[in-house]
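Engineer: First the structure, which I've put down as structure tokens, then a few questions once you've had a look.
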Amino acid sequence: MAGLCEGGNDPPARPKKFSLIFSSAHLWSNGQRVWPRNQVGRVRIQVWASYLVEFFPGFSLSPIRVNAGTFSTTRCRHPGCSETETLGHVLGFCKKGELLRNNRHHRARTAIANLLRNRGWEVHEEIHCVSEDDSHRRVDIIAINRRTQKAMVLDPTICFERDTNQALQINDDKRAKYVPCLPYLSEKYGTSLYNWDVTGLLFGARGCLPKFTCDILKSFQIPFYEVQKIVMEILEASLQILHYHLYVNT
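Rendered as structure tokens:
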């Protein structure tokens, strides 16, 4: 996730109240430096969660006892969960927020799919496919441009931000998973195998946008302000997940 999608080391201008954009050195919010690169995994949850006030008037931070760092010994408050209650656990793994996480992913996937449709691509979502080893898999997005004979498998993933290599690692993982499915997809959609490619798109659960993801979407002629809308929706969904984890008893 090296570099900004626009600009240099200064935070880019934003049309909305707040947004977290990943730079090569820092994460920024409202023009303010939130945490340095070497502490991405240890941002204080009180700093990040303070944005809940923007979405949930009257929200109080006093009950928060989750720790975003690696030194927390507090167990998750959700019954039956014995994991350490970190921000990464709440936004990415806890069973309590699973349905909200799925919805967060589906909304981002459909937003990307609709942007591609609006630009003339033939788009299919949640497509079953078969790998060369006969295992069954499901592709998030298939985009085909019949005019240029280009076909893409796009798989957006929302993860807790970890390090600057994460976007490339996600892309490698998605290619390893879906490239063996390309012969099946090539036959299914009547396009040459040589016209296909696979790309994994990482979006940060805290609203960070890797340059790799930004560049891929830019190659589809998707303007940056449209990408920012997706980032903001992900951030809002993550805040809702945290709010649900902290305040809703199940």
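No gaps in the numbering here: position 52 of the sequence shown is 60 in the working numbering, and each next residue is one more.
All C-beta atoms in this analysis are idealised placements derived from N, C-alpha and C, irrespective of residue type, glycine included.
#1: Could you compute how far the alpha carbon of Ser90 sits from the alpha carbon of His253?
#2: Just how far apart, CA to CA, sit Thr165 and Leu210?
#3: Can you tell me the Cα-Cα spacing of Gly198 and Gly215, whole angstroms?
#4: Could you tell me whether the stretch 135-149 touches the stretch 170-179, where touching means 3 or more Cβ pairs closer than 8 Å?
#5: How about Gly259 and Asp181: are their beta carbons less than 9 Å apart?
#6: Can you tell me where the beta strand (DSSP E) with His144 in it begins and where it stops?
#7: Leaving out the 5 sequence neighbours to the left and right, which residues in its chain are closer than 7 Å to Arg154 when beta-carbon positions are compared?
#8: Let me check you understand the geometry: is the CB of Thr94 closer than 8 Å to at least one non-hydrogen atom of the ligand MG?
#9: Just reading off the beta strand (DSSP E) that Gly212 is part of, what are its end residues?
#10: Which stretch, first to last residue, makes up the beta strand (DSSP E) that contains Leu162?
#11: Assuming the contact rule is C-beta atoms closer than 8 Å, Arg127 and Phe228 should be a hit. Round their C-beta distance to whole Å, please.
#12: Quick check on DSSP: helix, strand or coil for Gln40?
#13: Tell me which residue opens and which closes the alpha helix (DSSP H) that Ile224 is part of.
#14: Going straight from the alpha carbon of Arg221 to that of Thr94, what length do you get?
#15: Can you give me the C-alpha to C-alpha distance between Ala245 and Arg112, rounded to a whole angstrom?
#16: I'd like the span of the beta strand (DSSP E) that includes His136, first residue to last.
#17: Report yes or no: do three or more beta-carbon pairs, one from the stretch 224-243 and one from the stretch 113-120, lie closer than 8 Å?
#18: Using a Cβ-Cβ cutoff of less than 8 Å, which residues in the same chain neighbour Val256 once the five nearest sequence positions on both sides are dropped?
#19: Just how far apart, CA to CA, sit Arg115 and Leu243?
#20: What three-state label does DSSP hand Thr118 in the structure shown?
Structural biologist: So, from the listed chains and residues:
#1: Locating residue 90 in the sequence shown gives position 82, counting from the first residue. Locating residue 253 in the sequence shown gives position 245, counting from the first residue. About 15 Å.
#2: Looking up residue 165 in the sequence shown gives position 157. Looking up residue 210 in the sequence shown gives position 202. Each residue's CA atom was taken as its position, placing Thr165 and Leu210 some 5 Å apart.
#3: To locate residue 198, count along the sequence shown from 1; it is residue 190. To locate residue 215, count along the sequence shown from 1; it is residue 207. When only Cα atoms are considered, Gly198 and Gly215 end up about 37 Å apart.
#4: Not touching, per the Cβ criterion.
#5: In this structure the chain extends from 9 to 258, so residue 259 is not present and cannot be described.
#6: Within the sequence shown, the letter at position 136 stands for residue 144. The continuous beta strand (DSSP E) containing His144 extends over residues His144 to Asn153.
#7: As a position in the sequence shown, residue 154 is number 146, starting the count at 1. Excluding sequence positions up to five before and after Arg154, its CB lies within less than 7 Å of the CB of Glu130, all in the same chain and listed in chain order.
#8: Absence of the ligand MG from the depicted structure is noted, as is the absence of any ligand whatsoever, leaving it without description.
#9: Position 204 of the sequence shown, counting from 1, holds the residue named residue 212. Its beta strand (DSSP E) spans residues Trp204 to Gly212.
#10: Reading the sequence shown from its first residue, position 154 is the one you call residue 162. Where Leu162 is concerned, the enclosing beta strand (DSSP E) stretches over Lys158 to Cys167.
#11: Locating residue 127 in the sequence shown gives position 119, where the first residue counts as 1. Locating residue 228 in the sequence shown gives position 220, where the first residue counts as 1. Between Arg127 and Phe228, the beta carbon gap of about 6 Å places them in contact (Cβ cut-off 8 Å).
#12: As a working mapping, residue 40 is identified with position 32 in the sequence shown. Only weak support is given to the placement of Gln40: the predicted model assigns it a pLDDT of 41, under 50, and the question is left unresolved by the model.
#13: Locating residue 224 in the sequence shown gives position 216, counting from the first residue. Start and end: Lys219 to Ser227.
#14: The residue given as residue 221 occupies position 213 in the sequence shown. The residue given as residue 94 occupies position 86 in the sequence shown. The sequence shown places Thr at residue 221, not Arg. So the alpha carbons of these two residues sit roughly 26 Å apart.
#15: As a position in the sequence shown, residue 245 is number 237, starting the count at 1. As a position in the sequence shown, residue 112 is number 104, starting the count at 1. If you draw a straight line from the Cα of Ala245 to the Cα of Arg112, it comes to about 6 Å.
#16: Here residue 136 corresponds to residue number 128 of the sequence shown, with the count starting at 1. Start and end: Glu130 to Val138.
#17: Yes, the stretch 224-243 is in contact with the stretch 113-120.
#18: Stepping through the sequence shown from its first residue, residue 256 is reached at position 248. No residues qualify anywhere along the chain.
#19: By one-based count along the sequence shown, residue 115 stands at place 107. By one-based count along the sequence shown, residue 243 stands at place 235. If I take the Cα positions, the gap works out to 12 Å.
#20: On the sequence shown, residue 118 is found 110 positions in, with the first residue counted as 1. In the structure shown, the three-state DSSP call for Thr118 is helix.
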